[in-house]
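Student: One rule links them: number in my numbering = place in the sequence shown (from 1) + 33. Don't be surprised by glycine CBs; every beta carbon is placed ideally from N, CA and C. Remember, it's a predicted structure, so these values are computed and weren't measured experimentally.
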Amino acid sequence: MMENNTKIQLYIASSLDGYIAREDGSVAWLEELEGDEGTDYGYGEFIANIDMIIMGRKTYDLVLGFDMPWPYKEFETYVATSDRNLKVSTPNTHLIHDLNKKSIRELRDKSNKNIWLIGGGELVSLFLELGETDEYIICLIPRVLGKGIPLFPRDNTDTKLTLSDCKSYKSGAVMLRYLKAG
């Protein structure tokens, strides 16, 4: 049996004090980032190497609230939720109610590229606890929000990561890439 080399990659922006959104879920502060006109902070290269997305219900609702068509129609998207009555109306979008090592293995087996773990924080923490995130790509934004939705909201297991790359931008943002150690 061939081994599946699909990686689950967290690709996310965080404030300097560790928040991924304001308390109300707003990420509008990310649009205020200045200084690197024309750069996409590696998004184009990243997105070209994924074929599946996993996101939490609140993140799904947030993206639906953007004034634009569904941006992930070409990807198989899984929305993690405990709400068994939730209906989705976006293309190639499925619900997943029970995330565990077995169900994540099944998702890896369906993927031919890599899987983007979008967020939010609860989902990021769950994947960390399960040891299922292979790479953490975090764009650290030079902004202190003071309060909001934390990147890692749970008391997670002590997890050692290895820095694989670091790139700074004129805007002051720093893209950090970490691999799961061991």
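How many Å lie between residue 87 and residue 72 at the Cα?
Tutor: Near 25 Å, if we compare the C-alpha coordinates of residue 72 and residue 87.
Student: Return the CA-CA distance between residue 82 and residue 144, expressed in angstroms with no decimal places.
Tutor: Distance between the alpha carbons of residue 82 and residue 144 is about 11 Å.
Student: Does the separation of the CB atoms of residue 111 and residue 150 fall below 8 Å?
Tutor: No.
Student: Taking the alpha-carbon of residue 56 as reference, which of 154, 37, 128, 97 has the nearest alpha-carbon?
Tutor: Checked all of 154, 37, 128, 97; the closest Cα to residue 56 is 154.
Student: Taking the alpha carbon of residue 62 as the reference point, which residue from 75, 74, 48, 70 has its own alpha carbon closest?
Tutor: When each option's Cα is compared against that of residue 62, the closest is 48.
Student: Within the same chain, show all residues whose beta-carbon is closer than 7 Å to that of residue 214, passing over the 5 residues directly before and after it, in chain order.
Tutor: The residues are 193, 194, 195.
Student: Can you tell me the Cα-Cα spacing of residue 209 and residue 104, whole angstroms?
Tutor: Between residue 209 and residue 104, the C-alpha separation is close to 24 Å.
Student: Report the rounded CA-to-CA distance for residue 125 versus residue 188, giving the unit in angstroms.
Tutor: Approximately 33 Å between the Cα atoms of the pair.
Student: Got a sec: is the Cβ-Cβ distance from residue 161 to anything in chain B below 8 Å?
Tutor: Although the question refers to chain B, the structure presented lacks it and comprises just one protein chain.
Student: Tell me which same chain residues have a C-beta within less than 7 Å of the C-beta of residue 93, skipping the five on either side of it?
Tutor: The answer, listed in chain order, is 112.
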